[in-house]
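Asks: When we follow the numbering used here, the leftmost residue of the sequence shown carries the number 28, and every step to the right adds one. The C-beta atom is built at its ideal place from N, Cα and C for all residues, glycine as well. Have a look at this one before I ask anything.
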Amino acid sequence: MSRPTLLHEGWTLRALPGPQVPPEIAGVAVPATVPGCVHTDLLAAGLIPDPYLDDNENQLTWIGRTDWVYQTTFRHEPGGDDRVDLACAGLDTVATVTLNGVEVGRTENQHRSYRFDVRSLLRPGDNTLAVRFDSPYRYAEAHRDRLGDRPNAYPEPFHFIRKTACNFGWDWGPTVVTAGIWQQIGLHAWSTARLATVRPLVTVDGGVGRVELHVEVERVRDEPLTVHARVAGVAAEVAVPAGERSAVLTLTVPDPALWWPVGYGEQPLHDLDVTLRAADGRDLDAVSRRIGFRSVRLDTTPDAHGTPFTLHVNDVPIFVKGVNWIPDDAFPNRVTRARLAQRFDQALGANVNLLRIWGGGRYESDDFYELADEAGLLVQQDFLFACAAYPEEEPFRTEVEAEAREQVTRLAGHPSLVLWTGNNENIWGWHDWDWQEPLAGRTWGRGYYLELLPATVGELDPTVPYWPGSPWSGSDDIHPNDPAHGTMHIWDVWNDDDYTKYREYVPRFVAEFGYQAPPAYATLRRAISDEPLAHDSPGMAHHQKAADGDRKLQRGLDAHLPPPADFDDWHYLTQLNQARAIQLGVEHFRSHRPVCTGTIVWQLNDCWPVTSWAAVDGDGRRKPLWYALRRAYADRLLTVQPRDGGLALVAVNETGQTWTGPATVTRLTLAGEPRAKTSVDLDVPAYSSVVLPLPAELARPDEARRELLVAEAGDTAERALWFFAEDRDVDWPAADWDASVEPADGGQRVRVTARTVLRDLTVFPDRLDPSAQVDQALVTLLPGESAVFTVRADAPLDADALTARPVLRCVNM
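Take a look at the structure:
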């Protein structure tokens, strides 16, 4: 059998001389972690400050303009193998690899793996392996100068190198241009032949599962081979004649248990075992992985409303309740399987069913996809192009084709992968971002998105749909961001307009929309040393990367909420406004089901501590938006919506059972006194919605500043509220309540009973202990009502502090 040996020990890192290298680092060799990167190695050695704290990032730009060398010595004893390969799963990015002083290969693509035959260079005993990484800036700027600059969203050359684009900074990310051996590296000894690729194409038709297994072998001997495969109790084998390098075999599984997205069914997975055997029956190589049986199709058949964009899994249309995913850390070696599992739990806890892997990051890891398969989380994977005009000249076209072929092959068979997307916003950018004049006819990526990439997916994995861009209308003849056709992004809200403008759109599928807020208080205090901490203090300003971000936050506050009196007010109110904006948008879009068949909120996660659009901040803490998302993405949703000059109660049922039962809508004063009421009987079929217009006496208040609507359906759904005026204009009474704290279930139970209305009551226990978490937030209580918040922390928290400002907050406090 082939023998892999990891080479992860004994590495050192040093900077090559250059005027930009600080004197304390020049000529110094430090221990290096592999897989890893330069920044984390220098940080571990105490040679640089943490780039995530204060404005330390600004002191470290020299790292990306420096050449680096990783080196290790390892022992090797020859084993009589035909081949020994140096297998590099990921090198970031412009690398020269030498073994015992002999160059074995060069690389210039972070998104590919590489393999070099080094058998003739290996010595018995000690061997020296070195990887030199050239400055990514120097490489990218040289290609930019050679090919001519092309427009992009930021003044950085990220589109002239096949590397994680957001390394060069984004409107939520730091500029930390990395280098390093970022994935596994090792020796792979083998004889006769090995399995080069194993590509399972899994389909289900008429209750029969089919695995069409495409295998490529690399061989050093031209003898007959056999590929044996087994899955779900079914086995098959195929001969690979002498000299042949590929084979296809089919495994047919009658009536397989189907894999379903979360909320639609179970997620059974099956071991697929593939073995390569020599003519004498010896096992030469083996690959094992898990697959799931499911079918996926994308319905874009024109209808009366335009061009739909509806994902069907196992012939059931899925309403996508999605979030966009960015790299969870700027330094990928810190993103462990356990950390991904935590993020997935947070996504599932917010009732999310799809993660879109955004095109400025990476092709996500095997861990990511395995966890998604297990959880039933659908995945949309962008090819790695974002917010820029990308050159199609060499060497880029060859590199793009190689990475695409590798990644489509690697990810084939994962049931969670349901869509490949050609790029993020580049087709839209060509149309609307003043690119055409400066491009002057030069290439910008169109050939990738509309020719190369669809051909690659169609050849290598036709079981997964492909869509040329996000957004994309489906046709060159229709604007790429037309809400009536295909997918759209909504960014006039946040950038220019108030979030109530979401209601002006009825998109077929909205793949990006978002609103900003600062991270949790404990996250800010860890990352920023400003005293006093203020919304515009230096550290806060550095951790706000969006253009005019603070002005846009203030505009949102001015439109909706009372003016903040201090930083604590500002922090609570901006987080609240973010949650309100996204809840309004999601509920509006869901209320237009089935014209709208999906929403993907920007964004689930952050890669560092920053004011951003995320629901989970850079330290992994849930912002109030997370709780609002959990409510807005609930399987059964009651929401009050403007309709036809009045108001309507909309009931959305994202379950497989009919939703029946009584519901009431009551117009109340803020003191809880009823003014009008209506009762309805809900009868909402599975996977659908109903719209129930409300009578005028409910939709028209006597006193807009003192009234609200409450819609309730018992325990079948969370109640919905409608206020007739903005919070800044509401005639709020001064908040009054009773509170108690008692131990409970390894934490503390905070009970709050309202004497007056308490609008969006929230507990922020991380202000007392960074480990603290709370189970719910943004609870509105009417007089006489109670809410219980369960707080968990590493140690009990002070009861008085838990029930006082700034830990306990509501709008009218």
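Along the chain, where does the beta strand (DSSP E) that runs through P163 open and close?
Replies: P163 -> not in any beta strand (DSSP E); alpha helix (DSSP H) instead, spanning P163 to L174.
Asks: H516: buried (16+ other C-beta within 10 angstroms of its C-beta) or exposed?
Replies: Buried, because 16 or more other Cβ atoms sit within 10 Å of the Cβ of H516.
Asks: Judging by CA-CA distance, which residue of T780, P163 and F187 is the nearest neighbour of L174?
Replies: That would be F187, whose Cα lies nearest to the Cα of L174.
Asks: According to DSSP, is Y97 helix, strand or coil?
Replies: Three-state DSSP puts Y97 in a strand.
Asks: Excluding the five sequence neighbours on either side, which residues of its own chain have a C-beta within less than 8 Å of the C-beta of V145, listed in chain order?
Replies: These residues qualify, in order along the chain: V111, D112, L113, L126, V131 and L214.
Asks: For D119, which three-state DSSP category applies?
Replies: Looking at D119 - three-state DSSP - the assignment turns out to be strand.
Asks: For V57 and L74, what's the separation of their Cα atoms in angstroms?
Replies: Going from the Cα of V57 to the Cα of L74 covers about 9 Å.
Asks: Compare the beta carbon distance of N839 and W759 with 7 Å and say whether it is the shorter of the two.
Replies: For N839 and W759, yes; Cβs fall inside 7 Å.
Asks: Need the endpoints of the alpha helix (DSSP H) that T436 sits in, please.
Replies: Where T436 is concerned, the enclosing alpha helix (DSSP H) stretches over F423 to L438.
Asks: Hey, is the region 590 to 598 in contact with the region 765 to 781, meaning 3+ C-beta pairs nearer than 8 Å?
Replies: Contact fails: fewer than three Cβ-Cβ distances are below 8 Å.
Asks: Taking C-beta to C-beta, are A416 and P178 nearer than 7 Å?
Replies: Result yes, Cβ atoms of A416 and P178 sit closer than 7 Å.
Asks: Going by beta-carbon coordinates alone, are P163 and V204 separated by less than 7 Å?
Replies: For P163 and V204, yes; Cβs fall inside 7 Å.
Asks: Can you give the Cα-Cα distance for T624 and R324, rounded to whole angstroms?
Replies: Answer to the nearest angstrom: the Cα atoms are 14 Å apart.
Asks: Should E478 go down as buried or exposed, given a rule of 16 or more other Cβ atoms within 10 Å for buried?
Replies: Exposed: under 16 other Cβ atoms inside 10 Å.
Asks: Determine which residues share a DSSP beta bridge with L33 and list them.
Replies: G213, per the DSSP bridge assignment.
Asks: Cα separation between E30 and T470?
Replies: Reading the sequence as shown, one finds Arg at residue 30 and not Glu. Rounded to whole angstroms, R30 to T470 spans 44 Å at the Cα level.
Asks: So if DSSP puts D310 in a beta bridge, which residue, or which two residues, is it bridged to?
Replies: According to DSSP, D310 bridges with R304.
Asks: So, are the CB atoms of I859 and V121 less than 7 Å apart?
Replies: Past the edges of the chain, shown from 28 to 840, lies residue 859, and the structure says nothing about it.
Asks: What did DSSP end up calling Q407 once you bin it into helix, strand or coil?
Replies: DSSP places Q407 in strand when its eight states are reduced to three.
Asks: Closer than 8 Å is the cut-off here; do at least three beta carbon pairs connect the region 566 to 573 with the region 653 to 660?
Replies: Verdict: no, contact absent.
Asks: Tell whether a beta-carbon distance below 7 Å holds between L808 and G699.
Replies: Going by C-beta atoms, L808 is not nearer than 7 Å to G699.
Asks: So L276 and A259 are supposed to be a Cβ contact under 8 Å. How far apart are they, rounded?
Replies: Going by Cβ atoms, the distance from L276 to A259 rounds to 15 Å, so no, they are not a contact pair.
Asks: Which first and last residues belong to the alpha helix (DSSP H) in which A482 is found?
Replies: That run of the alpha helix (DSSP H) goes L480 to L487.
Asks: Using the C-alpha atoms, what's the distance from R733 back to V757?
Replies: Whole-angstrom Cα-Cα distance: 6 Å.
Asks: Assuming R794 and A549 are in contact, meaning their beta carbons sit under 8 Å apart, how far apart are those beta carbons, in whole angstroms?
Replies: Yes, R794 and A549 are in contact; Cβ-Cβ is about 7 Å, under 8 Å.
Asks: Could you tell me if H138 is buried or exposed, where buried requires 16 or more neighbouring beta carbons within 10 angstroms of its beta carbon?
Replies: Its Cβ being crowded by 16 or more others within 10 Å, H138 is buried.
Asks: Extract the residue ranges of the alpha helix (DSSP H) inside the region 720 to 746, only unbroken runs of 4 or more that lie entirely within it.
Replies: Complete alpha helix (DSSP H) runs here, min 4: 723 to 726.
Asks: By the three-class DSSP mapping on this structure, what secondary structure does E271 have?
Replies: DSSP places E271 in coil when its eight states are reduced to three.
Asks: What number of angstroms, rounded off, separates the C-alpha of E397 from the C-alpha of G403?
Replies: Looking at the two C-alpha atoms, the distance is approximately 10 Å.
Asks: Anyone know if the C-beta pair for V790 and L824 falls short of 7 Å?
Replies: For V790 and L824, no; Cβs fall outside 7 Å.
Asks: Helix, strand or coil for R620? Go by DSSP, reduced to three states.
Replies: Residue state, collapsed to three classes: coil.
Asks: Measure from the alpha carbon of E539 to the alpha carbon of each residue in V48, P591, L338 and S497, then state which is nearest.
Replies: Nearest option by C-alpha distance: S497.
Asks: How would you write the range of the beta strand (DSSP E) that T515 sits in, first residue to last?
Replies: The sequence given here has Met at residue 515, not Thr. Run containing M515: M515 to I517, per the beta strand (DSSP E) assignment.
Asks: What is the DSSP secondary structure of A675, reduced to helix, strand or coil?
Replies: Reduced to three states, the DSSP call for A675 is strand.
Asks: Between the region 308 to 328 and the region 639 to 650, are three or more C-beta pairs nearer than 8 Å?
Replies: Contact fails: fewer than three Cβ-Cβ distances are below 8 Å.
Asks: Does the region 406 to 421 come close enough to the region 374 to 389 to have 3 or more Cβ pairs within less than 8 Å?
Replies: The answer is yes - the region 374 to 389 touches the region 406 to 421, with three or more Cβ pairs under 8 Å.
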